[in-house]
Amino acid sequence: MAKPTSKSAKSGKNKPGRFAIAILAAGKGTRLKSRRPKVLHEIAGKPLLAHVVAAAREVVPPQNIFAIVGYEAERVREALASTGINFVLQREQRGTGHALMEARNALKNFKTVLVLSGDVPLIGAKTIKRVRDFHRAHRAAMTILTAEPSDPTGYGRIFRKQVKGKVSNEVERIVEQKSLRGTEGEQREVNAGMYAFATKPLYAHIGKLKTDNAHHEYYLTDMVALLGKAGEKVLALRASDSSEVFGVNTRIELAELDARLRDQKARELMLAGTTIFRPQTCDIDADVEVGPDTVIEPFVQLIGKTKIGADCRIRSYSVITNCEIGDGVLIRPGCILEDSVVRNGAQLGPYSHLRPGSDIGEGAHVGNFVETKKARLGKGSKANHLTYLGDAEIGEGVNVGAGTITCNYDGVNKHGTTIEDGAFIGSDATLVAPIRIGKGAYVGAGSCITEDVPADALALGRGRQVTKEGWASERRAKLDKAGK
Ligand code: UD1
Ligand code: CA
């Protein structure tokens, strides 16, 4: 680290910064009844924790973000490694308060730390900034984001201080669901699981947390009473949108938030110029991009990092995963596309299957029951019916007849097929790779091609037809005679 007297330290560049975000992500998620850590369960195609990290990254650089991990820590770390954030290990999960005790060394040098929950995925950068600014402006020791959801069950309830008979913005205590007594359960205002702390008072008093509660855990929420007793200021700030603070504790909540996010995503796309008919039947992941005037029909799934251009039509029951689709592309019903590129004006389907590494050229056609894998189809080329194209380089203006098969696998190795520009492959050809069909060449229908075909040649690889005149009527006569 730079010496405190150095120029860069003075300008604050090499300092850890004054503001950090810690994300609680160590819990197992018992209520999900899963072997997978809770924060890696997905909504809108992305782990819960990834949603929270994305919001945090809009507020601070990744080096100021600390995810506190514990249960299956390595899996969580791996899943989020590309974000560049830091990880702190909470070896034993002894509660949300304990998580912050374990992160003391990582966090204590920041002036303010904002704590988010890894299982509250809809939280937005705007709300994070609002809590930070409110906390700073009021010089509070702790600020709690609160909400009033229509059903407060499961959340910790907020009890505010009364000052001169009036409810103030100071909080007296938080009571967890299991500890609610008498009418306390009627309290609608809940703890959203997001806090700002001044680190000095936090770490001066966190050691006093006790585990005398229903779960025998160190509750972070008990900091309210502890700080209050120490004469520190603990404030509540109500969220402007209570749906942002929904937590995921069960698979039912997981499905609800997934639906909510997808609904939101569809609305964003529609407002930006994409037509989506019956959007509630479509599944569109958070990171998908779609251009204007593209029409998405009912029951379409757009998954992962899929990017679709303008003026396309994606017809019903197509599932498109991590693909790049150009402009003016028509995808007829029932196509399955994965890790592939489809260029401008191409037409697919119905029922085309593009497996990883397919690249369908401009204006090219791929028809029904055609499967491609690591296959490039040049501009204007066509493979319209019942075909398998694997490990194939196909030039421009090529016609691949119905039922054509590239025999790319010899039982041990994969081999490539090259078909040059303008070639014509007759129906039901089998092309035994490695093989090259030259420019403008013809392959006769029903051929089994085992040797390269030079440019402009005709290749036939089939038995000659034998025709026996009168054979059928002679046979019928014989059978009649035998009385059969
Ligand atoms: C917590 C709050 C509750 C609030 C709710 C909002 C406490 C005691 N209660 O309850 O007041 O209304 O969130 O969603 O904090 N975690 C760790 N280490 C642990 C335990 C938990 O990192 O030892 C993480 C979990 O992975 C999770 C987060 O902390 O991401 C919250 O834990 P969870 O058990 O879900 O708390 P809630 O019961 O929802
Ligand atoms: Ca929770």
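Numbering-wise, my numbering puts 109 at position 108 of the sequence shown, and it's gapless, one number per residue.
Heads up, the beta-carbon is just placed ideally off N, CA and C, and yes, glycines get one too.
Rounded to the nearest whole angstrom, the C-alpha separation of A226 and L115 is 19 angstroms.
Among the bridge pairs identified by DSSP, E394 is matched with R377, T419. Scanning its chain for C-beta atoms nearer than 6 angstroms, with the 5 sequence neighbours on each side dropped, one finds around L262 the residues I44, A45, in chain order. Of the heavy atoms belonging to ligand 1, at least one sits nearer than 7 angstroms to the Cβ of I69. Here the segment 165-185 makes no contact with the segment 122-131; the two share fewer than three CB pairs at distances below 8 angstroms.
In this structure T97 is buried. Its beta-carbon is surrounded by 16 or more other beta-carbon atoms within 10 angstroms. Within the segment 91-159, the complete beta strand (DSSP E) runs of at least 3 residues fall at 113-118, 143-148.
Per DSSP, G229 lies in no beta strand (DSSP E); the unbroken alpha helix (DSSP H) holding it starts and ends at 224-230. For I406, there is no enclosing alpha helix (DSSP H); the residue is part of the beta strand (DSSP E) that begins and ends at 406-408. The Cβ neighbour count for N414, taken over all protein chains shown within 10 Å, is under 16; the residue is labelled exposed. If you ignore the 5 residues before and after A442, its C-beta comes within less than 8 angstroms of the C-beta of E421, A424, F425, V454, P455, A456, D457, A458, L459, A460, all in its own chain and listed in chain order. By a beta-carbon distance limit of 8 angstroms, A393 does not contact G368. Their separation comes to about 16 angstroms. Runs of the alpha helix (DSSP H) lying entirely within the segment 179-226, each at least 4 residues long, are 200-206 in chain order. Of L432, G396, V172, the smallest CA-CA separation from D411 is found for L432. If the five residues before and after Y204 are omitted, its C-beta is found closer than 7 angstroms to the C-beta atoms of R105, K109, all from its own chain and listed in chain order. Here D284 carries a strand assignment [DSSP, helix/strand/coil]. Looking from the CA of R36, the closest CA among H52, E73, I66, C408 belongs to E73. With a cutoff of 8 angstroms on beta-carbon distance, A347 and G362 are scored as near each other. Excluding its 5 nearest sequence neighbours in each direction, G404 has C-beta neighbours in its own chain below 6 angstroms: L387, S428, D429, listed in chain order. Beta-bridge pairing by DSSP links K469 to no other residue.
Cβ-Cβ distances below 6 angstroms link K308 to E290, E325 in the same chain, with the five nearest sequence neighbours on each side left out; the list follows chain order. With 16 or more other Cβ atoms from the protein chains shown falling within 10 Å of its own Cβ, E190 counts as buried.
Between the segment 190-202 and the segment 153-162, the count of C-beta pairs closer than 8 angstroms reaches three or more; the two stretches touch.
By the neighbour-count criterion, in which a residue is buried when 16 or more other Cβ atoms sit within 10 angstroms of its Cβ, F247 is buried.
In the same chain as A141, and ignoring 5 residues on each side of it, the C-beta atoms closer than 6 angstroms to its own belong to K234, L236, in chain order. When A478, E452, G439, G447 are compared, the shortest CA-CA separation from Q466 is found for G447.
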